[in-house]
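There are 2 protein chains.
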Amino acid sequence: MKNVRLMVVGFGNVGQGFTQIIRDDAESLAERFGIRFSVIGVNDMRLGSIYDPNGLPLQGLLDAAATGSLESVPAAERGWSVETMLARGKPDALVEASFTDLQTGEPASTYIRLALKAGINVVTTNKGPIALNYHELKALAQEHQACIGFEGVVMSGTPTLALGVNLLAAAGIQKVQGILNGTTNFILSQMEAGGSYTEALAEAQKLGYAEADPTGDVEGFDAAGKVVILSNLVMGADLRLADVARQGITQLAAEDIQAAKAEGKRWKLIGAIEQDGSHVKASVKPIALPVKHPLANVGGATNAVTFTTRLLGDVTLIGSGAGRLETGYALLNDLLAVHGEQNF
Amino acid sequence: MKNVRLMVVGFGNVGQGFTQIIRDDAESLAERFGIRFSVIGVNDMRLGSIYDPNGLPLQGLLDAAATGSLESVPAAERGWSVETMLARGKPDALVEASFTDLQTGEPASTYIRLALKAGINVVTTNKGPIALNYHELKALAQEHQACIGFEGVVMSGTPTLALGVNLLAAAGIQKVQGILNGTTNFILSQMEAGGSYTEALAEAQKLGYAEADPTGDVEGFDAAGKVVILSNLVMGADLRLADVARQGITQLAAEDIQAAKAEGKRWKLIGAIEQDGSHVKASVKPIALPVKHPLANVGGATNAVTFTTRLLGDVTLIGSGAGRLETGYALLNDLLAVHGEQNF
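Right, here's the structure in full:
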């Protein structure tokens, strides 16, 4: 049995979802993968920072988070910074699930660099650092013989990167097209069912799919971040956000949606990447797809990606793009890949 | 650079497709995966058997196969049995692509056992041995510290088993549903477009999707074999073909297809596996799916599978179910998994 001691940075939905999974599935993870996870430290901007070398109580962490503070959880140390906890706590892995920022990638990028430089493995669901600094972080991990896993940055726990980067590595990926943002796909599905953009957005906000300021989703920034990540990982490019030709869904009116419907088409916000000679072309824009297209039938908040390959033709993966347990699963799967034994 | 010496048994479409890939992609495989493949032996019931410790010419093999005999290929030895070639040729891996038989699994099972007992890795696209003898062959491989790869037995090179067995291992798979036979899906798609069963079958035979005796496909035997494989691998069951409740598509008339269409539904031949207490329930039967279902929109000879999981919800993979290069890719990917270095 292998004991893996974790430090969790960012204890919001994703950090809590992950903790819930390792609490509920502790026995089956031990039995099937030979791994016991313990959380020795939690650091959250809002809830506080606690550390205990003998492991924190998982149920206690979840209960305390619901009250807005980790004060009530018994711990050996309190108030440590991430830097201190990495240096003095020496976890086996950093579970990085703090707030995402596609402009600066901070503070997540700083935390990830600190861990990797100390030879500590990192798993993250944070798009910012990977969209902005993938090549640098990968080199840093190699230099310090640490691993970095980030399956959750595209399509939550749906194993999109493992498929594109590993399983299709030798198939010759020529093109990638995807519905990479659940919020906009939900809005377009609602509009197709008859609502206006304003009504659909309000519904998405009510259900927690869209934030109060929906710009990041509806103007295509979130999808563009994922397009950059896929370009750099799957196509070996070195793109920045500004290299993605980006158009959101705010210019689509109810009439456009209904006109497409009448023609047997459906508007989808499509992130696309294509090899163009030695160059990689990347875009995010609304496309009216024929209903027979595999991506046209992906409705609601679901995500999907189609890899067009030289040897295998089209391979499409459809799955959840967000969610507490779904994204928590990405962290678990990355940890199993890093610390587990191959079970195939 | 690692040199991997292969023996190919069965030099039909799949064996030739694989050979074509390692010929065309030799340089990129060497560069990206650090592997050079050579074929030191080929054994085919129809074309003959040749061996050369220094490697056979790949283009020469493909040219000779087109003439119906391997006679013209320069070789050190001719007429060796599979047993002799494994014992005296000592390949690093056996590429097993001989004729499939879901009743006996022979002669493929015998070849696979011979190789594993000699500590030789095996990759195969042959459903028979895996549907009939998976648990035995896996144990044999472990005993002799050899690996066995068989991604191609379900959905050709589309990495269905890697997804279900590896990437979703910790997600809690509760149910699997799939379109696992391209021939019947093609026939049903043709019937939906307006043809009769007889016309659709004739078209499938003309295009090479269906054999002269189509029983194995249209009565659901082929899909049932894949259901057994998925049950045993993904759900940890120990089912036999006879445990699958099986019904083919021959009782579906053009009227049934059109009636479903009028109701917004589509008939699909669905292989299904479900955890039922401690028991695994498996079936193959035609189901009229609502057109919104992700499997309802998989048309023509394409295959697809939906894994319903506890942590991730539904994960659907859509891709090619057959084809020379598509199935050849499965062999290549298995070989890279066995002999290559992790590149993620």
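Here the protein sequences come in this chain order: X and E. Numbers given in our numbering equal positions in the first sequence, counted from 1, plus 88. Numbers given in our numbering equal positions in the second sequence, counted from 1, plus 88. Glycine is no exception: its CB is placed at the ideal position from the N, C-alpha and C atoms. What you are looking at is a predicted structure, and each value in this text was computed from that prediction instead of being measured.
- Residues of the same chain with a CB within less than 8 Å of the CB of G252(X), apart from the 5 flanking positions on each side, are I261, V264, L318, L321, V322, V393, F395 in chain order.
- DSSP places I208(X) in no alpha helix (DSSP H); its state is neither H nor E.
- Chain E places a beta carbon closer than 7 Å to that of V403(X), counting this residue as a contact.
- Counting only runs that start and end inside the stretch 246 to 283 of chain X, the beta strand (DSSP E) elements of at least 3 residues fall at 261 to 267.
- In the structure shown, Q339(E) falls within a coil segment according to DSSP collapsed to helix, strand and coil.
- C-alpha of S371(E) to C-alpha of P179(E): approximately 39 Å in a straight line.
- The stretch 94 to 111 of chain E makes no contact with the stretch 230 to 242 of chain X; the number of CB pairs closer than 8 Å stays below 3.
- No Cβ of chain E is located within less than 7 Å of the beta carbon of P217(X).
- Identification of chain X residues near K263(E) by a Cβ-Cβ cut-off of 7 Å yields none; the smallest Cβ-Cβ distance measures about 15 Å.
- Residue pairing by DSSP puts A333(X) in a beta bridge opposite S371(X).
- By the rule that beta-carbons nearer than 7 Å mark a contact, A258(X) touches chain E.
- The stretch 282 to 291 of chain E makes no contact with the stretch 329 to 336 of chain E; the number of CB pairs closer than 8 Å stays below 3.
- The stretch 206 to 220 of chain X makes no contact with the stretch 269 to 285 of chain X, as fewer than three CB pairs between them are under 8 Å.
- Look at the stretch 375 to 394 of chain X: the residues with a C-beta under 9 Å from a C-beta of chain E are V379, K380, H381, P382, A384, N385, V386, G387, T390, A392, T394.
- For the 7 Å CB-CB criterion, L255(E) and P247(X) form a contact.
- Uninterrupted alpha helix (DSSP H) stretches at least 4 residues long and entirely within the stretch 143 to 173 of chain X occur at 146 to 155, given in chain order.
- According to DSSP, N91(E) shares a beta bridge with R124(E).
- The beta carbons of G143(X) and S126(X) sit about 4 Å from each other, so the pair counts as a contact at 8 Å.
- The continuous alpha helix (DSSP H) containing T107(E) extends over residues 101 to 112.
- Residue burial annotation: H381(X) is buried, with at least 16 other C-beta atoms found within 10 angstroms of its C-beta.
- In this structure, DSSP gives F395(E) an extended state, which the three-state scheme calls strand.
- Neighbours of E414(E) across chain X, judged by C-beta separation under 8 Å: L399, L400, G401.
- Neighbours of Y417(X) in chain E, taken as residues whose beta carbon is under 8 Å from its own, are A258, A259, L399, L400 in chain order.
- In the three-state reduction of the DSSP assignment, A185(E) falls in the coil class.
- The Cβ neighbour count for N131(X), taken over all protein chains shown within 10 Å, is at least 16; the residue is labelled buried.
- Under the DSSP definition of a beta bridge, P378(E) partners with K353(E).
- DSSP places V241(E) in no alpha helix (DSSP H); its state is neither H nor E.
- Around the beta-carbon of G416(X), 16 or more other beta-carbon atoms lie within 10 Å, marking it buried.
- For T272(E), no Cβ of chain X is located within less than 7 Å of the residue's own Cβ.
- Taking a contact to require three or more Cβ pairs closer than 8 Å, the stretch 300 to 320 of chain E and the stretch 343 to 351 of chain E do not qualify as touching.
- Distances from the alpha-carbon of A312(X) to those of D344(X), L150(X), L190(X), L202(X) put L190(X) closest.
- Contacts with chain X at 7 Å (Cβ-Cβ) do not include A181(E).
- Against chain E, the CB of L420(X) has a partner CB under 7 Å away; the residue lies at that interface.
- Distance from the CA atom of G352(E) to the CA atom of P378(E), rounded to whole angstroms, is 6 Å.
- Less than 7 Å divides the Cβ of R354(E) from the Cβ of A384(E).
- Burial state of S160(X) is exposed, judged by a 10 Å Cβ sphere holding fewer than 16 other Cβ atoms.
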